[in-house]
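In the working numbering, the protein residues as written are 8 to 534.
Glycine included, C-beta positions come from ideal geometry on N, C-alpha and C.
Fair warning: this is a prediction, and the values are worked out from it, not measured in the lab.
Beneath this line is the structure, given in structure tokens, with notes to follow.
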């Protein structure tokens, strides 16, 4: 097994393609951050409404909730380069059109929300494919460092983008912010052109369809304890923490009395903290462990929200936001790394999409919720309630513990050919599979415990039903039976087995006495 790079610098130095993709992504993220900041502050100036301002964040992140998973399926089963290019060029046209409307003074609150939502749809469509492209550009052993680099780039953009946008907004005008965002999208397109994604490996399997691939991803998340825990924890953290991000323009205007440039500084403080944390988060995970790091991050971010709610001292709020940005990046990058290292290749883009779906979906709905609470009960009440929700989320650690996936849990097992006399049409089904074992009576209890551990991987990889049966005519004979929707889905299920799954099957086979054989039968539904 390859040894992981000791530092972010080593990962960057050793991988030219990774450097190029990250540079293009950094510029793109800066442009997006500038655009979001300018939109939020324009909304404040046009309406002064807390809920409309919070809805800007919803318009940015709701597309992730709606489109991330379908985009992840497309990234796993189609040409990633074409998907990336199409999304980037569409976003370029949309933002260019908004720039023209702003120059003509023809863009009101509805237009701002519409174009922000449409651009967010493009970002949602390209994100899983881009994340997988970046992950594929480094060895698996360096994946945690690579994810940290991407998080640092994203948060550096959050620090630099709003600050730049505030300056441009104040001295040149909001329309120029959007014009710069157009150029940054083209820079991202050029990086994809120069360092295109790796093509999918050739396969004999039937192609997955969009709906089937979506169901496969949801089934995988539901029956993978690792992925499910990470996604639920991400949702809880993102939903509570969205209050600070969504209400930051109101904090700037009502609590601190700042203008557009001052608002950019507030977001910049969050980004600066996130960048600083990115440089040490790998070492912090090693020294503290995942759970302790997440707990510290929750407490620090909750304290940041409380200070932002009640303090009017600029310096204190700035320091709190820097600490909050560090906590946000540390926790979210830990969730993201745990998710991506726990996903095998066939579902990697979909796992990245599910993480985005959990984080940004919670962010989108949370932003709208906290905006409504702020409008109804006031800014301080909303942020105080969010602080308590953040602390309550720490209780999820016991039922949903975190850990990184091990290599054998994501490494595909060798493909085994099926010897079926008359192979059915790929779409025929459902398919029932029956595997029979003959076991000594004294081993029955331990055997059933071992066989029960196969339930999760069978369901995770495609089975819609799984059960163990005992033969009433022969008490020593047990049957494992599961059902898959179609013959194509069954072939995909077999291809998704990992080395860890083979180890589980080996433990089950160890109970079969010498001289006995394990039999497998396949049945296809006729009526």
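Check	Outcome
Status (buried if at least 16 other CB within 10 Å, exposed otherwise) for residue 115	exposed
As assigned by DSSP and simplified to three states, the class of residue 8	The pLDDT assigned to residue 8 is 36, lower than 50, so where the model puts this residue is not dependable, and the model offers no usable value.
Cβ pair residue 194, residue 29 closer than 8 Å	no
Same chain, Cβ closer than 6 Å to residue 135, five either side skipped, listed in chain order	78, 79, 82, 356, 359 and 360
CB of residue 181 within 8 Å of CB of residue 109, strictly	yes
Close beta carbons around residue 309, own chain, < 7 Å, minus the five adjacent residues each side	394, 397 and 398
Best match in 343, 409, 307 and 118 for proximity to residue 155 [C-alpha to C-alpha]	343
Exposure of residue 497, with buried meaning 16 or more beta-carbon neighbours within 10 Å	buried
Within the stretch 462-530, ranges of the alpha helix (DSSP H) (whole runs, at least 4 residues)	462-468, 494-502 and 506-516
Buried or exposed by the 16-neighbour rule on C-beta atoms within 10 Å, applied to residue 472	exposed
Alpha-carbon to alpha-carbon, residue 390 and residue 281	20 Å
One or two residues paired with residue 444 in a DSSP bridge	485
Residue range of the alpha helix (DSSP H) that includes residue 98	87-110
Any chain D beta carbon closer than 8 Å to residue 491	Reference to chain D is not applicable here, since this structure consists of a single protein chain.
Reduced DSSP category for residue 438 - H, G, I as helix; E, B as strand; rest coil	strand
Local conformation of residue 13 per DSSP, three classes	Low confidence applies to residue 13: its pLDDT is 49, below 50, so where it sits in the model is not reliable enough to give any reading.
Supposed contact pair residue 198 and residue 27 - C-beta distance, whole angstroms, cut 8 Å	6 Å
Sub-8 Å separation of residue 338 and residue 409 beta-carbons	no
Residue 276 beta carbon less than 8 Å from that of residue 325	yes
Residue 435 to residue 150 span [Cα, whole Å]	39 Å
Range covered by the alpha helix (DSSP H) that runs through residue 71	57-84
Which of helix, strand or coil DSSP assigns to residue 419	strand
Separation of residue 184 from residue 43, as counted between CA atoms	10 Å
Local Cβ density within 10 Å of residue 36, reported as buried at 16 or more and exposed below that	buried
Continuous alpha helix (DSSP H) assignments of at least 4 residues falling wholly in the stretch 199-254	217-230
Residue range of the unbroken alpha helix (DSSP H) whose run includes residue 144	No alpha helix (DSSP H) contains residue 144, which DSSP labels as neither H nor E.
Where the alpha helix (DSSP H) containing residue 456 begins and where it ends	451-459
Pick from 260, 350, 332 and 138 that is closest to residue 319, judged by C-alpha positions	260
Option nearest residue 132 by Cα separation, candidates 144, 85, 174 and 105	85
Same chain only: Cβ atoms within 6 Å of residue 334, ignoring 5 sequence neighbours per side	304, 307 and 308
Buried versus exposed, by CB contacts within 10 Å (16 or more), residue 476	exposed
Spatially closest choice to residue 72 from 262, 372 and 502, by CA coordinates	372
The alpha helix (DSSP H) enclosing residue 430, as first and last residue numbers	Neither: residue 430 is in no alpha helix (DSSP H) and is coded neither H nor E.
Extent of the continuous alpha helix (DSSP H) run through residue 407	That residue, residue 407, is in no alpha helix (DSSP H); it is neither H nor E in DSSP.
Rounded C-alpha distance that separates residue 69 from residue 123	10 Å
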